[in-house]
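Take a look at the structure below.
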Amino acid sequence: MEPAGSLRKPTLAAGLSMGVAALLCFVLSAGTSDGQSAVRGTAVPKMSSLQEQIRITKAKTAALPKADDAERGLTTALTAAGQVAKLQGDYRYLTPHVAADGGKLDAATSQSTLRNLIPYFAPSVHQKDLGPWYLLASDKDVPAGVGIPMSFNSGFEWAVQVPYLVNDDGTIAVTWLAMETRTGAGEKPAVLAWARADYDLVRNAFVNIQTGTTATGEALKQEVAAP
-18 MEPAGSLRKP TLAAGLSMGV AALLCFVLSA GTSDGQSAVR GTAVPKMSSL QEQIRITKAK
42 TAALPKADDA ERGLTTALTA AGQVAKLQGD YRYLTPHVAA DGGKLDAATS QSTLRNLIPY
102 FAPSVHQKDL GPWYLLASDK DVPAGVGIPM SFNSGFEWAV QVPYLVNDDG TIAVTWLAME
162 TRTGAGEKPA VLAWARADYD LVRNAFVNIQ TGTTATGEAL KQEVAAP
């Protein structure tokens, strides 16, 4: 899907506005014909309703971002989402410690990644929602140390689904998928977990975050105890 899809909203709104205006003209002409007093009586509330529809449509059209602004917004959201995916991936190196401690996440070892994630999210997003969105049990074999060694092949990675549309409220819906990286010949990688949030173009930050796991991911995950 291409970012150009964001241009459909201004086109749709303009078309709707013209269509409503045309309908208003028809009702006006019907209401001014001689001998059509009954029509004139019903045309008044209809005209009022249609005028209100036109006003609302024009207001929505004016609020929509221009094509260039929408393109820049989509690029900004995608860049930020990519950084979030990378940082969530950095949590994978905690898996050995979490597994060894019976599912307990040590706040001290995760603090660095958390600090780097916070600037990408609005203050309304709780820090507990920025912890590891998913840990894979088989990643417990990662060598101990700071960061994930380049030679370590994790069993999954976070991938960003390319956003293509700016919503009426100036937000962009972004989805991340935890994709399996170890598959057999001819097998498609399974989705283990997901996360979604809205990128607010005014605040330049993500809001309304939601996370979850698939049935496959649930069976393969490393349990993390609630803090």
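At position 38 of the sequence shown (counting the first as 1) the number is 19 in this note's numbering, and the numbers step up by one without a gap. Cβ coordinates follow ideal geometry from the N, Cα and C atoms, glycine included. Here the structure is a predicted model, which is why all the values come from computation and not from measurement.
Original post:
Taking Cβ to Cβ, would you say residue 144 is nearer than 7 angstroms to residue 55?
Top reply: yes
Original post:
Based on the DSSP output, what are the partners of residue 153 in its beta bridges?
Top reply: 180
**OP:** Can you tell me which of 33, 29, 59 puts its alpha carbon nearest to the alpha carbon of residue 147?
**Re:** 59
Subject >> DSSP three-state assignment for residue 89, whether helix, strand or coil >> reply: helix
Original post:
According to DSSP, is residue 108 helix, strand or coil?
Top reply: helix
**OP:** State the DSSP-derived secondary structure class of residue 162, mapped to helix, strand or coil.
**Re:** coil
Subject >> Strand pairing of residue 138, partner residues [DSSP] >> reply: 160
Subject >> Host alpha helix (DSSP H) of residue 194 (start-end) >> reply: That residue, residue 194, is in no alpha helix (DSSP H); its beta strand (DSSP E) goes 186 to 194.
Original post:
Anyone know if the C-beta pair for residue 117 and residue 91 falls short of 7 angstroms?
Top reply: no
**OP:** Could you spell out where the alpha helix (DSSP H) holding residue 77 opens and where it closes?
**Re:** 76 to 81
**OP:** Give the straight-line distance between the Cα atoms of residue 29 and residue 138, rounded to the nearest whole angstrom.
**Re:** 55 angstroms
**OP:** Just tell me which of 199, 156, 173 has its CA closest to the CA of residue 62.
**Re:** 156
Subject >> Same chain, Cβ closer than 7 angstroms to residue 184, five either side skipped, listed in chain order >> reply: Cβ within range, chain order: 103.
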